[in-house]
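A.B. asks: Residue 0 is where the sequence shown starts when you use numbering that gives the first Met the number 0, and the numbers rise one by one after that.
I am attaching a structure below and will ask some questions about it afterwards.
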Amino acid sequence: MRKRAWWSGFASGVVVTGLLVLASDRVVLQAEATGRASFDRDAFHQALDAVRPHDAPPTETWLSLETLVDLGRLAQRPTVLRPLLVPREEAIARIEAMGLRRQEDEVFDVWVPERVFPYEVVLLEGDVAAFIPASEPGTGLSPLAAARDMPPSDVETQLGALLAALDDGRFEAARFDPVDAFFRDNLRLYDGVVANSYLAWRDYELWDAYYRVWVAALQVGTYLNGAQLMRHLESGDRAVLERSRQPPFTSLLGTAVEPCRRMVDDADAWMQRFGRGEITAASAAAGVREVLHRVDFCPSYWRLPDPQVRTTPPYTMLEMVRAYLWYHRHASPEIRELLVGFGPLAGVRHTWRSLRDDGHRSLWRSGSLLRDAVVAWNRDWQRP
């Protein structure tokens, strides 16, 4: 099948118009006359530099900074097409030096990663390199799992705009500008988080320190939206849920909460200094841990800055009660209201109701399975 296609980096679909090639369950775009698309804060080049040998020339000497196409909305990571600045053979040598292995393919020359680089590389006609997200890259290596950290309002934002357009039949692009702005702002922020993660992989202690920044921010984002749900269950007021479409509930990882955003920005400053070669990995790790020392919106018994503590406490019922009490006793009034601003009985009632309903569903499933098994057995037994 051959058609021509153009992908917009923040569009909600793929417009098919001419040369689209499918091979080995892989869909890539041959960049012939494609549109331009923006790619906010180049985490992609940070990823390339993270796997580039230290004695190799900079990436921008063989791969153009110009993006022909990028796709950032429909996948967790973007597909990036960039022109080559050197002959094809030299580009292949650079690619293989980064730890990518050539793989046989019916149509394309494909290189697959053997290290942490989460892209397959395909060399296309016209001296263009396509960087296509590998299957489930970064599994277990958070904070690369960006999609799950988006606030719940991302679904409401898209669905609300779509339902409104279906109601009146108006689908002009300007109507979806708020949706694009929502994703641009959040993806711009997460580009920085992911870029710093690639940088941190150069040194274990630096990764260990920066990972904790993500953990602390994830705590805020999780509790922020969880508390909003509890307030709704407590009051029964639908308007409480409607406020989830407004700040601070619309920002990635709770970063619309000022202390949390300050932590992320301060840690980013240390990582950027390391990325520019101004400080060593050890100095950057120490700087990030100093940022963690100032965190006052996560339980102090987590001991976030302590490298000897390797994990947070498990999210059991007792630990959640412990965290609830800590926030009420030690957090500032603003943080307390945002993260645990609901009565204790609301949580107890909701948990008990969930356990009860789950038990009923489990009994129903078991009964249905037994019924179906008996019916099937009788049917088979009665057949001649």
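For every residue, glycine included, the Cβ atom is placed at its ideal position computed from N, Cα and C.
What are the boundary residues of the beta strand (DSSP E) that includes Pro82?
C.D. replies: 78-82
A.B. asks: Excluding five sequence neighbours on each side, which residues of the same chain lie with their C-beta closer than 6 Å to the C-beta of Arg93?
C.D. replies: Closer than 6 Å at Cβ, skipping near neighbours: Trp61.
A.B. asks: Leu324 to Pro298, Cα distance in whole Å?
C.D. replies: 10 Å
A.B. asks: May I ask you to list the residues that DSSP assigns as paired with Pro132?
C.D. replies: Tyr118
A.B. asks: Helix or strand or just coil, what does DSSP make of Val308?
C.D. replies: coil
A.B. asks: Applying the criterion that 16 or more other CB atoms from any shown protein chain within 10 Å of the CB defines a buried residue, is Gln307 buried or exposed?
C.D. replies: exposed
A.B. asks: Along the chain, where does the alpha helix (DSSP H) containing Arg87 start, and where does it finish?
C.D. replies: 87-96
A.B. asks: Verify whether the separation of the beta carbon atoms of Thr254 and Val219 is less than 9 Å.
C.D. replies: yes
A.B. asks: From the DSSP output, in three-state form, read off Gln218 for me.
C.D. replies: Three-state result, Gln218: helix.
A.B. asks: On the DSSP letters alone, give me the boundaries of the beta strand (DSSP E) that Leu99 sits inside.
C.D. replies: 99-102
A.B. asks: Starting from Asp179 and walking both ways along the alpha helix (DSSP H), at which residues does that stretch end?
C.D. replies: Run containing Asp179: 176-199, per the alpha helix (DSSP H) assignment.
A.B. asks: Once DSSP output is grouped into helix, strand and coil, what is the label at Pro112?
C.D. replies: Note: Pro112 maps to strand in three-state DSSP.
A.B. asks: Please classify Leu303: does DSSP put it in a helix, a strand, or coil?
C.D. replies: Note: Leu303 maps to coil in three-state DSSP.
A.B. asks: Would you mind working out which of Glu89, Leu64, Met97 sits nearest Arg81, comparing C-alpha positions?
C.D. replies: Looking only at Glu89, Leu64, Met97, the smallest Cα-Cα distance to Arg81 is reached by Leu64.
A.B. asks: Does the contact criterion of 3 or more C-beta pairs under 8 Å hold for the region 114-129 versus the region 86-101?
C.D. replies: Segments in contact, yes.
A.B. asks: Pick from Ala55, Thr249, His329, Asn185: whose alpha carbon is nearest that of Ala90?
C.D. replies: Ala55
A.B. asks: Out of curiosity, what's the CA-to-CA distance linking Ser243 and His231?
C.D. replies: 11 Å
A.B. asks: Is Ala129 buried or exposed, if buried means 16 or more other CB atoms sit within 10 Å of its CB?
C.D. replies: Ala129 should be labelled buried.
A.B. asks: Can the beta-carbon of Ala199 be found closer than 9 Å to that of Tyr210?
C.D. replies: yes
A.B. asks: Give the DSSP-derived three-state secondary structure of Trp376 in the structure shown.
C.D. replies: helix
A.B. asks: Drop a sphere of 10 angstroms on the beta-carbon of Gly274, count the other beta-carbons inside from all chains shown, and report buried for 16 or more, exposed for fewer.
C.D. replies: buried
A.B. asks: Let's see if you can read the secondary structure: which residues bound the alpha helix (DSSP H) around Leu337?
C.D. replies: Counting along the chain, the alpha helix (DSSP H) containing Leu337 begins and ends at 332-339.
A.B. asks: Alpha carbons only, please: which of Pro177, Phe43, Tyr300 is nearest the one belonging to Glu318?
C.D. replies: Looking at the Cα atoms, Tyr300 is the closest of the given residues.
A.B. asks: Could you check the C-alpha separation between Ala407 and Arg201 for me, to the nearest Å?
C.D. replies: Here the chain has residues from 0 to 383 only, and residue 407 is not among them.
A.B. asks: Among residues of its own chain, excluding the 5 on either side of Gly342, which ones have a beta-carbon nearer than 8 Å to its beta-carbon?
C.D. replies: Glu233
A.B. asks: Between Glu59 and Met316, what straight-line distance do the alpha-carbon atoms span, to the nearest angstrom?
C.D. replies: 51 Å
A.B. asks: If you measure between the beta carbons of Leu251 and Asn195, is that distance less than 9 Å?
C.D. replies: no
A.B. asks: Does the beta-carbon of Thr66 have 16 or more other beta-carbons within 10 angstroms, so that it is buried, or is it exposed?
C.D. replies: buried
A.B. asks: Report back the beta-carbon spacing between Leu223 and Pro247 to the nearest angstrom; my notes put them in contact at under 8 Å.
C.D. replies: Contact holds; Cβ gap of about 7 Å.
A.B. asks: Between the C-alpha atoms of Arg355 and Trp363, what's the straight-line distance to the nearest angstrom?
C.D. replies: 12 Å
A.B. asks: Measure the alpha-carbon distance for Arg370 versus Arg378 and round it to whole angstroms.
C.D. replies: 12 Å
A.B. asks: Taking the DSSP output, what are the residues bridged to Leu123?
C.D. replies: Val127
A.B. asks: Please name the residue or residues paired with Leu62 in a DSSP beta bridge.
C.D. replies: Leu83
A.B. asks: Give the DSSP-derived three-state secondary structure of Ala226 in the structure shown.
C.D. replies: helix
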